[in-house]
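Structure first, then comments.
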């Protein structure tokens, strides 16, 4: 299987900084729980909770050097805030989950 840009691992821009390595690893280790929260909020139809977790992830991801997650989380938050149609929110949610699943700690090999 060829790795494309849509399934390539995403590494923190802080990965080379030894002061941040452990913190980035802890953030990445917490991502499955964040994904579960996103999925639960989405499937239960709780848009306010979904917006809140997207907002939190937007800030946290940026702090740990994952700007691509910040961008995708901001898109979902904006879609909810502006009451976009369900299909737009669905796509933004799926994009955020897929992006989060690609996060890796450490440096590219």
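Numbering (this note's numbering), first residue to last: -16 to 92.
Backbone N, C-alpha and C fix where the C-beta goes; we use that ideal spot for every residue, glycine too.
Query, Result
"Since residue 21 contacts residue 84 with CB under 8 Å, what's their CB separation in whole angstroms?", "About 11 Å; that fails the 8 Å criterion."
"Can you name the start and end residues of the alpha helix (DSSP H) that residue 60 belongs to?", "50 to 64"
"I need the straight-line Cα distance from residue -11 to residue -4, nearest angstrom please.", "18 Å"
"Excluding sequence positions up to five away, which residues of its chain have a Cβ less than 7 Å from the Cβ of residue 87?", "-8, -7, -6 and 11"
"Looking only at C-alpha atoms, which of 0, 52, 73 and 92 sits nearest to residue 30?", "73"
"Bridge partners of residue 87, per DSSP?", "-6"
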